[in-house]
Amino acid sequence: MARILAGKDVVEALREDLAGRVEALGERGVTPCLAIVRVGERPDDVSYERTAVRRAEGLGVAVRRFELPADATQAQLEAVIDEVNADTAIHGCLLFRPLPSQMDERAVCDRLDAAKDVDGISSASLAGVFADTGEGFPPATAQACLEMLDFHGVPVAGRHAVVVGRSLVIGRPVAMMLLARDATVTLCHSRTEALAEHVRAADIVVCATGRARSFGPECFRAGQVVLDVGINFDEEGALCGDVDFAAVEPVLGDDGAITPVPGGLGSVTTSTTMAHVVAAAEAAVR
Ligand code: NDP
1 MARILAGKDV VEALREDLAG RVEALGERGV TPCLAIVRVG ERPDDVSYER
51 TAVRRAEGLG VAVRRFELPA DATQAQLEAV IDEVNADTAI HGCLLFRPLP
101 SQMDERAVCD RLDAAKDVDG ISSASLAGVF ADTGEGFPPA TAQACLEMLD
151 FHGVPVAGRH AVVVGRSLVI GRPVAMMLLA RDATVTLCHS RTEALAEHVR
201 AADIVVCATG RARSFGPECF RAGQVVLDVG INFDEEGALC GDVDFAAVEP
251 VLGDDGAITP VPGGLGSVTT STTMAHVVAA AEAAVR
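Okay, so the sequence shown: first residue is 1 according to this note's numbering, each after it adds one.
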């Protein structure tokens, strides 16, 4: 049976680390604070916001919520971002996307101060990931993948990582982060030919396509480590990943490992965001 890489163990380890750091900040009179900016009432956003607030409260991270109606203007949202940037008591900002179509999303993301960009959405933060400039933070989900591998002692250097999906939210940044850790990286996408062959050749696979259970046993072999980033709903409305977990897990064998959905990378992403807020607060008082 493949090793199940559970998110809760990583979350617990991050919690222990962050508890001490939040306490140390408290002794200096600083409470790390996350601004959550939501435009409209998309159920996914509202649900993730609830989870993030709970996680923040459990860690002693304060939350300031900024809510705008779905028909808000670009100027209204930019005014909120300006307020977040100017408020020295706020250390990080989580902006739910996609933004409504009347808004220029790139302009809004780039308005956010990179020092507070705890989810790696600004061009400055992405440059930090791609060109190693040290500015901003990597996207939280990409960071969660590395946290998962590190916590479970999966070596990265010299190994072949195949990432499927090339969005700026997860695919491209995680590919760059694996490359920075000396993996040999193949980045696949919807136009990739012989996708299953590429995936089967990997030591480490990151599936980030948003296609429910689309990676079946034909894509895998024994001994691989599979990170399933997908958060999808199947035809019955059940939460599932990109990988057909039940069919794939046996193929990976005793030497293989796989993240479940739910219970895998999703919860680690929330903790990673909090870790970035705490790091931003530490940087602000340094
Ligand atoms: P996008 O839709 O932005 O990107 C999907 C990527 O998958 C694209 O690069 C696309 O290729 C590629 N793709 C689509 N179909 C195929 C295919 N048939 N074969 C190979 N590649 C394909 O999605 P995101 O990157 O935003 O999200 C991906 C998944 O990760 C979603 O399920 C999302 O819910 C989940 N997610 C999970 C998070 C977490 O916390 N765990 C956080 C963020 C996202 P192309 O570029 O050619 O179109």
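The C-beta atom is built at its ideal place from N, Cα and C for all residues, glycine as well.
Check your understanding: Considering only the beta carbon of each residue, do GLY230 and ALA202 sit closer than 9 Å?
Key -> Counted from its first residue, the sequence shown places residue 230 at position 230. Counted from its first residue, the sequence shown places residue 202 at position 202. No.
Point to revise | Residue list, Cβ distance to the ligand NDP heavy atoms smaller than 6 Å | key: Taken from the N-terminal end onward, the list reads THR141, VAL164, GLY165, ARG166, SER167, VAL169, ILE170, GLY171, CYS188, HIS189, SER190, ARG191, THR192, LEU195, ALA208, THR209, GLY210, ARG211, VAL229, GLY230, ILE231, ASN232, LEU265, GLY266, THR269.
Check your understanding: What are the boundary residues of the beta strand (DSSP E) that ALA161 is part of?
Key -> Start at 1 with the first residue of the sequence shown, and residue 161 comes out as number 161. 160 to 164 is the extent of the beta strand (DSSP E) around ALA161.
Exercise for review: Report the three-state DSSP secondary structure of ARG42 (helix, strand or coil).
Suggested key: In the sequence shown, counting from the first residue as 1, residue 42 sits at position 42. In the three-state scheme derived from DSSP, where H, G and I count as helix and E and B as strand, ARG42 is classed as coil.
**Study point:** Beta-bridge partners of GLY92, as assigned by DSSP
**Key:** For the purposes of this step, residue 92 is taken as the residue at position 92 of the sequence shown. GLY92 pairs with LEU34.
Review point. CB-CB under 7 Å to MET177, same chain, minus the five flanking residues each way: which ones, in chain order?
Key: For the purposes of this step, residue 177 is identified with residue 177 of the sequence shown, where counting begins at 1. In chain order, VAL129, PRO138, ALA142, LEU146 place their CB closer than 7 Å to the CB of MET177, counting only its own chain and leaving out the 5 sequence neighbours on each side.
Review point. CB VAL164 to CB VAL108, shorter than 9 Å?
Key: The residue you call residue 164 lines up with position 164 of the sequence shown. The residue you call residue 108 lines up with position 108 of the sequence shown. Going by C-beta atoms, VAL164 is not nearer than 9 Å to VAL108.
Exercise for review: Could you give the DSSP three-state label for PHE220: helix, strand or coil?
Suggested key: Residue mapping note: residue 220 aligns to position 220 of the sequence shown, counting from 1. Here PHE220 sits in coil by DSSP.
**Study point:** Buried versus exposed, by CB contacts within 10 Å (16 or more), ARG286
**Key:** Here the question's residue 286 lines up with position 286 in the sequence shown. Flag for ARG286 reads exposed.
Check your understanding: Residues in its own chain within less than 6 Å of ARG221 by CB, not counting five upstream and five downstream?
Key -> Within the sequence shown, residue 221 is the residue found at index 221, counting from 1. The residues are ARG200.
Check your understanding: At what residue ranges does the region 51 to 127 contain a whole run of the beta strand (DSSP E), taking only runs of 3 or more?
Key -> Those beta strand (DSSP E) runs which fall completely within the region 51 to 127 and span 3+ residues are 62 to 68, 92 to 95.
Review point. Should GLN76 be labelled buried (16 or more other beta-carbon atoms within 10 Å of its own) or exposed?
Key: Here residue 76 refers to the residue found at position 76 of the sequence shown. Counting C-beta atoms within 10 angstroms of its own C-beta, GLN76 has fewer than 16 neighbours from the protein chains shown and is therefore classed as exposed.
Exercise for review: For ASP132, name the three-state secondary structure that DSSP assigns.
Suggested key: By 1-based counting over the sequence shown, the position of residue 132 is 132. Correct three-state label for ASP132: coil.
Check your understanding: Under three-state DSSP, which class holds ARG286?
Key -> Reading the sequence shown from its first residue, position 286 is the one you call residue 286. Looking at ARG286 - three-state DSSP - the assignment turns out to be coil, as it is neither helix nor strand.
**Study point:** Euclidean distance between Cα positions of ILE241 and ILE170
**Key:** The count along the sequence shown starts at 1 and reaches residue 241 at position 241. The count along the sequence shown starts at 1 and reaches residue 170 at position 170. According to the sequence as given, residue 241 is Gly; it is not Ile. Cα to Cα, the separation comes out at about 14 Å.
Review point. Can the beta-carbon of ASP104 be found closer than 9 Å to that of GLN74?
Key: The residue labelled residue 104 in the question sits at position 104 within the sequence shown. The residue labelled residue 74 in the question sits at position 74 within the sequence shown. The answer is yes: Cβ separation under 9 Å.
**Study point:** Under the three-state DSSP convention, the category ARG172 falls into
**Key:** Here residue 172 is taken as the residue at index 172 of the sequence shown, counted from 1. Helix at ARG172.
**Study point:** The beta strand (DSSP E) enclosing ASP228, as first and last residue numbers
**Key:** The sequence position of residue 228 within the sequence shown is 228, counting from 1. Boundaries of the beta strand (DSSP E) around ASP228: 225 to 228.
Point to revise | ALA281 vs VAL30 beta-carbon contact at 9 Å | key: On the sequence shown, position 281 is the one that residue 281 refers to. On the sequence shown, position 30 is the one that residue 30 refers to. Closer than 9 Å, so yes.
Exercise for review: List the residues that DSSP assigns as beta-bridge partners of PHE215.
Suggested key: Within the sequence shown, residue 215 is the residue found at index 215, counting from 1. Answer is VAL243.
**Study point:** Integer Cβ distance of VAL225 from VAL154, believed to fall under 8 Å
**Key:** Within the sequence shown, numbered from 1, the residue matching residue 225 stands at position 225. Within the sequence shown, numbered from 1, the residue matching residue 154 stands at position 154. 5 Å between Cβ atoms; contact.
Practice item. Take GLU67 as the anchor and find which of GLU27, LEU149, VAL268, LEU94 has the nearest alpha-carbon. Key: On the sequence shown, residue 67 is found 67 positions in, with the first residue counted as 1. Minimum Cα distance to GLU67 is reached at LEU94.
**Study point:** the region 4 to 24 in contact with the region 40 to 54 per 3-pair CB rule at 8 Å
**Key:** No, because fewer than three Cβ pairs between the region 4 to 24 and the region 40 to 54 fall closer than 8 Å, the two stretches do not touch.
Practice item. Please confirm if the region 52 to 59 is in contact with the region 106 to 124, defined as three or more CB-CB distances below 8 Å between the two stretches. Key: In the pairwise beta carbon analysis, the region 52 to 59 is classified as not touching the region 106 to 124: fewer than three pairs are separated by under 8 Å.
**Study point:** Anticipated Cβ contact below 8 Å, SER122 with ALA115, distance rounded
**Key:** Taking the sequence shown and counting its residues from 1, the one referred to as residue 122 is at position 122. Taking the sequence shown and counting its residues from 1, the one referred to as residue 115 is at position 115. Approximately 10 Å separates the beta-carbon atoms of SER122 and ALA115; this is outside 8 Å, ruling out the contact.
Check your understanding: Mind checking whether ASP228 and PRO260 have CB atoms under 9 Å apart?
Key -> Along the sequence shown, read from residue 1 onward, the residue named residue 228 stands at position 228. Along the sequence shown, read from residue 1 onward, the residue named residue 260 stands at position 260. A contact, by the Cβ cut-off of 9 Å.
**Study point:** Beta-carbon gap between THR269 and ALA180 smaller than 9 Å
**Key:** Start at 1 with the first residue of the sequence shown, and residue 269 comes out as number 269. Start at 1 with the first residue of the sequence shown, and residue 180 comes out as number 180. No, the pair does not count as a contact, with Cβ atoms beyond the cut-off.
Point to revise | For THR270, three-class secondary structure by DSSP | key: If you number the sequence shown from 1, residue 270 lands on position 270. Correct three-state label for THR270: helix.
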